[in-house]
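Data block below; observations after.
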Amino acid sequence: MQTALHTSNRISLDCTRNNSFTSNSFVSPNLNVKSPNFSLHCEKKPRRSIPVEAAQVNAPILRDRSLASNGAASHDISSVRGSMNTDTARTFRATVTIRRRHMNSLFESLLERGLEGLLERGFQNVDARLDTAGLKVSLQLVSTEIDPKTKKAKISKEAFLKDWEKKAYYIADKVEYIAEFVVPTDFGLPGAILILNGHPHEFYLDTISLDWWNGEKVYFPCYSWVHSKVDNPEKRIFFSNQVYLPDNTPEGLRDLRQKEMLSIMGDGQGLRKKHERIYDYAVYNDLGNPDKKKELARPIFGGTNEHAYPRRVRTGRRSQKTDPQSEIVLGQGGEYYVPRDEAFEDLKKESYVAGHLKLIVHELLPMIEKVLTQKSEFKCFSDIDRLYNESFTLQDQPKSGRWKNIAGFVTNISNNIQGLPRFLEKLEDSIGLRFSPPQLFAKDRFSWLRDEEMGRQALAGVNPLQIELVKSFPLMSNLDSEKYGPEESAIKAEHFNHQLGGLSVQQAIEQNRLFVVDYNDAFMPYINKINAQKDRKMYASRTLYFLKDSGTITPVAIELSLPPSSPNFQGSKRVFTPGQDATTHWLWTLAKAHAASNDAGFHQLVNHWLRSHAVVEPYIIATHRRLSVLHPISKLLLPHCRYTLEINALARQLLINAAGVVETCFTTGPHSMEVSSYAYKALWRFDMENLPADLLRRGMATKDPNDPDKLKLVLEDYPYAADGMLIWSAIQEWVTEYVSLYYTDPDSLSNDKELHNWWDEIRHKGHADKSDEPWWPELISKENLIFILSSIIWVTSAHHAAVNFGQYAYGGYAPNHPCVTRRLIPEQDMDSNEYRELLQNPQKFFLSMISNKFQATYAISVMDALSTHAADEEYLGQRVQVNWTADPKAIACANKFAQRVKQVERIIDQRNADAKLKNRNGAGVVPYELLRPTSGPGVTGRGIPNSVSI
């Protein structure tokens, strides 16, 4: 079982019977406690614990009953609402688990988290003192029943968390507190708890376990920040782990169900504050920064036909001065708002944000740029190899302020591996940068030169979603020929028919042996804008592949096209084929690099960012706004929502913003998001985002004539599709069984207003620019609901894993998948200086065409961070949150799904060991593990997290 989740070192507190100071210590890597009046006993556990597989969770079986009289307590219960039997009452104990931030001593808090850590320790002290003074945390039970006389919910008298001050100074990740409720015997089954945080600062509430009648327990899975009443006087509402469709909600909970949902919707007004849990929609109007420099102005994406786009979560920041329609951009140190519970938890924050991406962008980037400005070109391929074999120093001026900052940072966290990117080395008086060899480079440093490897990566690389079966020839464009040149491709049969093993082109098509990766229409509208930039030059590419008898595919022709740029230049379409001599070999290598760069850009902007980040954000917003946590579909989807809003906010701030990582590292530069928006408008369809529909659309699969519900792959050795279908089938089976538990007849679906509001909001608010499209599935049957939910879970888990966690393996070596192309390929003309330059030194010309040292180093640094699994990752088939439902049938379905996922993992391992499958096994071949469900932390090239968490 893989390690993934950080949980507590459990503590139990036993009061000593005298007032003398008893020194009791527990020693662990992060824990050493001495207390005057309590003995602290801890189970010795690592900071990272084993994630809870679904099979490990036992569902409590709760029966809603009236409580029999069985003893009385002397507590006053006069404040309990409704006309209740007050002759007898019972006291029930609740164990309240609160998660602490990762801090040790005051000095360690300062060292690890700076001023924030110091303040947090101070907050704990203040809260402890004020708790003693009477500003406590109060809790009230809410019954599932209403009082028959008042018709209002039964609510208990307030109970208070005990011993807050005494436990405030213990060092532990989680602390258990006790609250005691006094309720009358006719109270009914508790269904919710109201909490008011009287402290001036928030705290993170993990779970509440209530000891109830006859040894039963009522569980409240909270996993949420509880705001201070200073910030918001409203009480927080937490429901038990019971599941109810809206019409089946117990009378005592109906008003609370609606109140909780309304409390997080917002009204589209005002600046959102850090403590809030408001989920609302906005367009992408915070990517440009014209207030800083007019060249940093960018279009608003979303809300217009020209720049259609999904919606993001609303933040409400003020407008920029130079563009009132755009929100201000926060600089270094600023954090974009996300609803409070969407923020990274400590382990994720320490290992990813603080230690990696922000460090790279704000600190390393300027240093790398400064060091490499005067020596930014790779002179030979050995220069690239040195990035992995040698450490180069980032210190030019040891006394500079920036150097002091980063040197101090590294010194402080040098013993905390979570906070330090793995490619940084702390030297004696400087910082060195050395990258780990990417999997591809480590397996075979020359594999990128082989045509078969290019074909293999189209099926098993980081972007295996683009290849299509050729169904007719010649290839055609759908663009306006007057603007973008002839519709017909320049690739003719005579260019490649000699490479078809004796087949004609028509025969190859009929035998399903011709494939294409076509970026012509995706990039052509933007080529002239992109090529007008300094040091950015690209084509729109088409790459034609042929399936050989060995079962592998190989490129046989590449078309590189330029649109008309003036009346005197009508555009060009150049066709390249595998070389027959030294010169044509190098021309073919240059053409492959341009095609690979097209692939890298489209992968990042469309198949990765758009299709697994941007389009998912509305699903998450709508799930929180429209589905109560009591709703069974909410419980199904919530694991697939984790961290996505936070990582998307970080992307808007650092990755896809003006002059951000994408614009700096990819050829498309400032037009990158325009390319993404164009793809959303022209290509994205919800009904095509599930794997079977996508494969059928691309002609890469057909329906099995013996079983219409199954697909038959056109290419048997298509690792992404073959492994993906195993995952898809497991997801669909799990969703089908789970949904069938709650929607047993047509009325149960048609009467579910929450579900219909959820789907309507996804379509008409989250994807408003495409809401009128006819292909949206209608929520009119259980089968359609299963299709919708399976599609969402597929995208947030397997699709994202397939296009994300291989970035370093394949993009970490620049010649294989170059993010940038800076030169066009010269015509074969001896009067051309560029052509003579190519002939004189083809290696130098190639290196001057792709990413330079700065671009490559920067891109590799970011890819390393983006390819990293955090220590608290939750993988497909795992459920970290215990007691997430009280439904034993749902738990049984989850157990079955977990076992199915394990079975899939074993099958994938067997496939990777099969020597007959050439696209995943062979000399120097990287096995296909991107859809292998589990992984350890770090850059592993495997693992399917439940959500888009990085």
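Residue numbers for the sequence shown follow this note's numbering, beginning at 4 and rising by one.
Don't be surprised by glycine CBs; every beta carbon is placed ideally from N, CA and C.
Counted within 10 angstroms of its Cβ, other Cβ atoms place residue i as buried (16 or more) or exposed
i: Ile-783; result: exposed
i: Ser-950; result: buried
i: Leu-265; result: exposed
i: Lys-276; result: exposed
i: Glu-380; result: exposed
i: His-202; result: buried
i: Tyr-172; result: exposed
i: Cys-896; result: buried
i: Trp-778; result: exposed
i: Pro-936; result: buried
i: Thr-153; result: exposed
i: Ala-599; result: buried
i: Glu-513; result: exposed
i: Glu-776; result: exposed
i: Pro-489; result: exposed
i: Gly-137; result: exposed
i: Ala-817; result: buried
i: Lys-756; result: exposed
Selected residue, minimal CA-CA separation from residue i, among the options
i: Val-221; options: Glu-330, Ala-685, Phe-95; result: Phe-95
i: Ser-141; options: Thr-147, Lys-165, Ile-149, Pro-151; result: Lys-165
i: Lys-856; options: Trp-451, Ile-828, Pro-821; result: Pro-821
i: Leu-213; options: Ala-195, Met-691, Leu-468, Glu-205; result: Ala-195
i: Pro-313; options: Ile-303, Arg-320, Ser-322; result: Ile-303
i: Glu-161; options: Ala-175, Phe-190, Leu-199, Phe-223; result: Leu-199
i: Ser-170; options: Glu-205, Val-185, Asp-134; result: Reading the sequence as shown, one finds Lys at residue 170 and not Ser. Closest by alpha carbon: Asp-134.
i: Ala-594; options: His-627, Val-559, Lys-638; result: Val-559
i: Ile-850; options: Thr-860, Val-865, Arg-826; result: This sequence places Leu at residue 850; Ile is not what is there. The shortest Cα separation from Leu-850 among Thr-860, Val-865, Arg-826 belongs to Arg-826.
i: Thr-587; options: Ala-654, Asn-515, Ile-828, Lys-537; result: Ile-828
i: Lys-474; options: Gln-881, Gln-509, Leu-192; result: Gln-509
i: Ile-953; options: Arg-909, Ile-623, His-611; result: His-611
i: Ile-863; options: Val-186, Pro-441, Val-129; result: Pro-441
i: Cys-383; options: Val-717, Val-907, Gln-846; result: Gln-846
Cβ shell of residue i (< 6 Å), same chain only, five flanking positions each side left out
i: Arg-68; result: A caution first: Arg-68 carries a pLDDT of 34, below 50, which makes its placement in the model unreliable, though a value can still be read off. Excluding sequence neighbours, Arg-68 sits near nothing in its chain.
i: His-643; result: Ile-796, Thr-799, Asn-949, Ser-950
i: Glu-345; result: Leu-648, Glu-649
i: Leu-274; result: Gly-319
Other residues of its chain near residue i: CB distance less than 8 Å, five sequence neighbours each side excluded
i: Gly-809; result: Gly-464, Val-465, Ser-870, Leu-933, Gly-944
i: Asp-707; result: Lys-713, Leu-714, Lys-715
C-beta atoms of residue i and residue j nearer than 8 Å
i: Ile-101; j: Tyr-180; result: yes
i: Lys-892; j: Thr-555; result: no
i: Arg-629; j: Trp-761; result: yes
i: Asp-150; j: Lys-139; result: no
i: Ser-680; j: His-310; result: yes
i: Gly-3; j: Phe-241; result: Past the edges of the chain, shown from 4 to 953, lies residue 3, and the structure says nothing about it.
i: Tyr-487; j: Val-519; result: no
i: Asn-601; j: Tyr-723; result: no
i: Asp-524; j: Ser-569; result: no
i: Thr-580; j: Phe-499; result: yes
i: Asp-552; j: Gly-582; result: no
i: Cys-471; j: Gly-727; result: It should be noted that the sequence gives Glu, not Cys, for residue 471. No, these two residues do not count as a Cβ contact at 8 Å.
i: Glu-148; j: Glu-263; result: no
i: Lys-324; j: Asp-294; result: yes
i: Val-316; j: Tyr-287; result: no
7 Å CB neighbourhood of residue i in its chain, flanking five on each side removed
i: Asp-832; result: Tyr-838
i: Leu-565; result: Ile-530, Tyr-542, Gly-574, Ser-575
i: Asp-209; result: Thr-100, Ile-101, Arg-102, Lys-177, Cys-225, Tyr-226
i: Asn-787; result: Pro-780, Glu-781
i: Ser-231; result: Asn-200, His-202, Pro-203, His-204, Glu-205
First through last residue of the beta strand (DSSP E) which encompasses residue i
i: Ala-901; result: Counting along the chain, Ala-901 falls outside any beta strand (DSSP E), though it belongs to the alpha helix (DSSP H) covering 891-915.
i: Ala-560; result: 556-565
i: Tyr-226; result: 220-229
i: Lys-577; result: At residue 577 the sequence reads Arg, which differs from the Lys that was named. 575-579 is the span of the beta strand (DSSP E), which, as asked, contains Arg-577.
Residue range of the unbroken alpha helix (DSSP H) whose run includes residue i
i: Val-619; result: 619-629
i: Glu-263; result: 254-266
i: Gly-194; result: Element bounds for Gly-194: not the alpha helix (DSSP H) but the beta strand (DSSP E), 193-200.
i: Ala-685; result: 675-685
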